[in-house]
Structures are given as C-alpha cells and as structure tokens.
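Sequential numbering from 6 applies to the sequence shown in the numbering used here.
By construction, the Cβ of each residue, glycine as well, lies at the ideal position given by its N, Cα and C atoms.
Note that the coordinates shown come from a computational prediction; the quantities given were computed from them, not determined experimentally.
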Amino acid sequence: VAVNFPVLTARWIYERYLTGLPPQTNYKVYDSSAGWGSRLLGSLCSELPIHYIGTDVNTENRGCYEDLGRFYNSNCNGRNTYEIYYEGSEVIGDNPKFQKHINDVDLIFTSPPYFQKRKYLKNGSGLGGEKSPDLYVSNLIDHLGDCRRVLSDKGSFFLNLGDTYLRGNLQNIPHRVAIGLQGDGWILRNTIIWAKTNPKPSSSKSNLCPTYEFIFHFVKGKDY
Numbered sequence: 006v007a008v009n010f011p012v013l014t015a016r017w018i019y020e021r022y023l024t025g026l027p028p029q030t031n032y033k034v035y036d037s038s039a040g041w042g043s044r045l046l047g048s049l050c051s052e053l054p055i056h057y058i059g060t061d062v063n064t065e066n067r068g069c070y071e072d073l074g075r076f077y078n079s080n081c082n083g084r085n086t087y088e089i090y091y092e093g094s095e096v097i098g099d100n101p102k103f104q105k106h107i108n109d110v111d112l113i114f115t116s117p118p119y120f121q122k123r124k125y126l127k128n129g130s131g132l133g134g135e136k137s138p139d140l141y142v143s144n145l146i147d148h149l150g151d152c153r154r155v156l157s158d159k160g161s162f163f164l165n166l167g168d169t170y171l172r173g174n175l176q177n178i179p180h181r182v183a184i185g186l187q188g189d190g191w192i193l194r195n196t197i198i199w200a201k202t203n204p205k206p207s208s209s210k211s212n213l214c215p216t217y218e219f220i221f222h223f224v225k226g227k228d229y
C-alpha cells in the first residue's frame with residue numbers, strides 16, 4: 006500500500022471538525038508525525054482550504070512529501086498548500102520559521118510510531134523503539150508536548166494509536182497515553198473506534214495487534 010492510514014478518514018476528520026470553526030481562507034492542520042503522507046494527501050484532496058504542516062525525523066522520507074504535494078496539485082487540480090519540517094516535534098517549537106504557528110493551528114491530527122513497530126530505525130532507537138511500554142508511553146507524551154502550544158484555544162487535537170499484545174497480554178497503551186495527556190491538561194472530548202475490517206495476519210503469537218484502533222479527540226479547554 007502507498008500509505009498506512011486511510012486517506013479519506015483523514016479528510017473526513019478535517020472536514021467534519023474544521024467546519025465547526027468560523028470560516029477561514031486557509032485552515033491550519035498540524036501533523037507531528039507525518040508518517041507516509043496519508044494525512045497530507047487527505048488535506049490535499051479536501052474541499053476545504055487547508056494548509057498542512059508536517060514534521061518527520063525519518064531522513065528516508067525527505068523530499069517525498071513535497072513530491073506528493075506537487076504531483077497531486079499538478080494532476081488533480083489541487084489548491085491546498087503544505088509545509089514540511091524534518092525535525093522532531095519535541096524540538097520543532099524552537100525553529101524560528103515554525104513559531105508563527107504557535108497558538109494558531111486549527112486542528113492537529115497525528116499518528117505517532119507505535120510501540121515496537123518502527124521499522125526504519127534499524128538500531129531500535131527513537132520513539133517506538135523502546136524496550137518497555139512504560140518508557141514508550143512516557144516518551145510519547147513528551148513527543149506530543151508542543152501540540153498544546155501550537156493549537157488554538159478553539160481547535161481540536163486528534164491522536165490515533167494502536168495497541169499490541171506482549172506475551173499474550175494487551176498493553177492498553179492508547180488508554181495509558183490518553184490518561185497521561187489528561188494529566189497534562191488536555192480534555193478528552195470523544196473516542197472514535199477505527200474498526201480494521203481486514204487485519205493483516207501475524208505469524209508472531211507474542212506481538213499480535215487488535216483488529217481496532219483508537220482516535221482520541223482532545224481539546225485545550227472551555228473555549229472549544
């Protein structure tokens with residue numbers, strides 16, 4: 006597959022929740038883990054005017070987002086814009102070019118590397134390569150730290166996370182992260198269940214994945 010998240014699901018979330026805000030000429034959407042471009046493509050094909058802002062530390066993806074954006078806009082009459090940074094989301098707030106987005110993003114939608122599912126870092130380092138779920142949860146909450154700074158008071162933050170079984174035990178990673186984020190001041194508004202109707206068979210009995218994932222909807226406060 007070209008992407009690992011359903012493009013039209015991303016587009017649906019953008020259009021469903023951005024339309025609840027005052028009309029704008031260019032809604033800002035931020036993705037702290039741009040992944041393989043599916044949420045970028047969801048913004049490009051949206052009928053809403055969207056400016057997508059993505060970050061990615063995967064050097065193998067450098068230039069690929071820009072190629073995707075140019076290809077779509079050239080061949081599909083696309084008009085939406087994009088802005089890509091190749092820095093970690095936990096440090097991107099220090100980039101002077103990025104600081105214009107502080108408290109000015111209308112919607113955040115991201116899907117960070119899952120626990121022990123990050124394949125492109127061969128040495129196992131970085132978010133997703135932790136040895137224990139506890140360390141992963143702690144690191145992920147740190148990784149999402151700047152999301153609160155960039156989101157406007159009336160905006161929404163959507164977080165997609167998958168879970169895993171280790172030695173036959175479900176780790177409840179998404180809910181542990183959700184509890185941790187609420188401890189950081191986020192307000193949990195809703196939980197969307199993404200039912201994966203065609204799960205990929207796994208040959209490993211020690212590291213299976215459930216056939217569903219969570220998309221948590223957070224807001225900053227009462228102004229939402």
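**OP:** Pair every Cβ in the segment 22-41 with every Cβ in the segment 98-112, then say whether three or more of these pairs are closer than 8 Å.
**Re:** yes
Original post:
Should the segment 149-167 be regarded as contacting the segment 188-195, the criterion being three or more beta carbon pairs within less than 8 Å?
Top reply: yes
Subject >> Top-ranked residue by Cα proximity to W199, from D168, G185, H148, G98 >> reply: D168
Subject >> D36 - partner residues in DSSP beta bridges >> reply: G59
**OP:** Note down, in chain order, each residue of its chain lying with its Cβ closer than 7 Å to the Cβ of G129, except the 5 sequence neighbours on either side.
**Re:** Its pLDDT being 48, under 50, G129 is placed unreliably by the model, and the measurement read from it follows with that caveat. Same-chain partners within the cutoff: there are none.
**OP:** Can you tell me which of G98, C50, F163, T86 puts its alpha carbon nearest to the alpha carbon of E71?
**Re:** T86
**OP:** May I ask which residues mark the beginning and end of the beta strand (DSSP E) holding S157?
**Re:** 156-166
**OP:** Decide yes or no for the touch test of the segment 13-23 against the segment 88-108: beta carbon pairs closer than 8 Å, at least 3 of them.
**Re:** no
Subject >> Distance, T196 Cα to F223 Cα >> reply: 9 Å
Original post:
Does the separation of the CB atoms of L13 and G42 fall below 7 Å?
Top reply: no
Original post:
Just how far apart, CA to CA, sit E52 and W17?
Top reply: 10 Å
Subject >> 7 Å Cβ shell around K158 - same chain, five flanking residues per side excluded >> reply: In the sequence as displayed, the identity of residue 158 is Asp instead of Lys. Same-chain partners within the cutoff: K225, G226, D228.
Original post:
With DSSP run on the structure shown, which of helix, strand or coil describes N9?
Top reply: coil
**OP:** Go ahead and pull the three-state DSSP assignment for F120.
**Re:** coil
**OP:** Rounded to whole angstroms, what's the CA-CA distance from A39 to Y141? Just pull it up for me.
**Re:** 19 Å
**OP:** Rank S48, H148, P215, H106 by C-alpha distance to the C-alpha of L171 and give the top, closest one.
**Re:** P215
Original post:
To which residues of the same chain is L46 closer than 6 Å at the C-beta, ignoring the five residues directly before and after it?
Top reply: V12
Subject >> Cβ-based burial, P117 [other Cβ within 10 Å; buried from 16] >> reply: buried
Original post:
How about H148 and L132: do their beta carbons lie closer than 7 Å?
Top reply: yes
Original post:
Residue range of the alpha helix (DSSP H) that R181 falls in?
Top reply: 178-188
**OP:** Name the one or two DSSP bridge partners that I192 has.
**Re:** V224
**OP:** Taking V110 as part of the beta strand (DSSP E), name the residues at either end of that continuous run.
**Re:** 110-115
Subject >> Beta-carbon separation (whole angstroms), R67 vs Y90, contact threshold 8 Å >> reply: That pair is no contact at about 11 Å.
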